[in-house]
Amino acid sequence: MSLLVRDYWILVLVFVASISFIWSADVVVTNDLIKAMIRSTFLGLYVASRWDLKDQLTLWLWVFGLMGLLSVIVAVIEPSRGTHFINGSTALRGALPHKNEFSRVVALGFFTFFVAALDKTRRFRGLCWFSAISMLVMLVLARGATAQVSVLLLTPVLLTGLVIVNRRYKLKTALFTLALSLSAISTLLVVFNLEFIVTDILGRGMDLGRVEIWQLSIEKGLERPWLGYGYYGFWGSGEAVEIVRQTWARGSEATLNAHNVFVGIFLELGLVGVTLAGVSTFVVFKSLTQLVFRCREIEYFWMLILFLALIFFGMTVSGPFLSPNSIWTIYVSISYTCILKSRQLRIARSTPELSTREPVYPRFT
């Protein structure tokens, strides 16, 4: 419990979501999903408090590896369940309900196996390389555009950052800023060439309608600007009918979502929720970048890349905040792991015999 209260932003965000049934537009859905969200929160807290970072990496290697293996088995034995026809093509969804969910998990699995394969002290590196390639193949078959672009964008950032830390530049802050600038430029290139990437490279159409949904969602959210419509209380209620009628979902049985984590939080928990989520994002990112250069261990870069991928997913699909699944568990575990490690470093600095030890240098190739 003492660890739980160390991250005030997550604690308050979970608390606001948990009591949002009071003003929810769909009380039944809110009450059901609050339970799942709280379970995911405590699971992330348990992972952070129970295992050190290297063991967490091993844990997620098992999780993503078993998920990938199970998904392949399901797709082979029962194709109707392991795949589905969507957007004019057949996509792999494995053991998960939707190909977008599957794509996000597979992308996170790729980053995890890729980082493990770079660690020269880890056993079975060959298996890690094979698993990383397998995750890429499944990602292509899943046809998840956002997850595919995240891998294309973040893999060079991962490699660039590893080189910077490994060589221990004295101008590391400036170089890291340069790496972030290159990442920002790459992001702009992706945004301004989105049509080429989606249609020519990924083979998708541009009829996503996300901008339209964002605009309509924000307009609707401004009717309840402070606390929103309750946790997952908007899209299943009558309040969402007006938006559905004005988008591609009209006349279909499809269930809409905001397709953006911050727009979604604004609809559900208003400006209060958006502020808490935004501050939490900034605090975790700041802590991760500090730990990467202070500890110089590859596992911290793994956490940083997973964090960036989660935020990237949230820009066009759905993101990590308060999701009643493992995506939120990963975010919570990252946040609390940062808190624990930062606390350990502060204790080490205040203890002379610990502060005089040799620094830990990276183990990656």
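Last residue of the sequence shown: 367 (the working numbering), numbering continuous. By construction, the Cβ of each residue, glycine as well, lies at the ideal position given by its N, Cα and C atoms. Since we're looking at a predicted model, the values are computed, not measured.
- The three-state reading of DSSP puts Asp121 in strand, counting E and B together.
- Its chain contains Asp28, Val31 as the residues whose beta carbon lies nearer than 7 Å to that of Gly238, once the 5 sequence neighbours on both sides are disregarded; these appear in chain order.
- Annotation: the continuous beta strand (DSSP E) that includes Thr85 extends over 85-88.
- Secondary structure at Ala97: coil, using DSSP grouped into helix, strand and coil.
- Straight through space, the alpha carbons of Phe315 and Arg226 are spaced by roughly 26 Å.
- With a contact defined as Cβ atoms closer than 8 Å, Gly96 and Val65 miss out at about 14 Å.
- The residues Leu110, Phe113, Thr114, Ile332, Ile336, in chain order, have a CB closer than 8 Å to that of Leu308 in the same chain once the five nearest residues on each side in sequence are set aside.
- Per the C-alpha coordinates, the member of Gly84, Ser26, Trp25, Asp34 positioned closest to Ser325 is Asp34.
- For Asp34, the enclosing alpha helix (DSSP H) stretches over residues 29-52.
- If you compare the alpha carbons of Ser133, Val165, Thr92, Pro99 with that of Trp62, the shortest gap goes to Ser133.
- Look at Thr60 here: in three-state DSSP terms it is helix.
- Phe236 and Glu270 do touch by the CB rule: their CB atoms are close to 6 Å apart, below 8 Å.
- Under the DSSP assignment, Gln248 falls outside any alpha helix (DSSP H); it carries neither an H nor an E label.
- Within the same chain, Gly96, Ala97 come within 6 Å of Ser73 by CB-CB distance, once the 5 residues on both sides are set aside.
- Distance between Gly70 and Ser282, taken at the CA atoms: about 30 Å.
- For a cut-off of 8 Å, the C-beta gap from Gly232 to Phe104 is around 28 Å, too long to register as a contact.
- A distance below 8 Å separates the beta carbons of Leu59 and Trp304.
- A Cβ-Cβ distance of about 6 Å is found for the pair Phe323 and Val263, placing them in contact under the 8 Å criterion.
- If you look at Gly275, you'll find it in the alpha helix (DSSP H) that goes 263-297.
- Ile88 has its alpha-carbon roughly 29 Å from the corresponding atom of Ser42.
- In the structure shown, the three-state DSSP call for Ser82 is helix.
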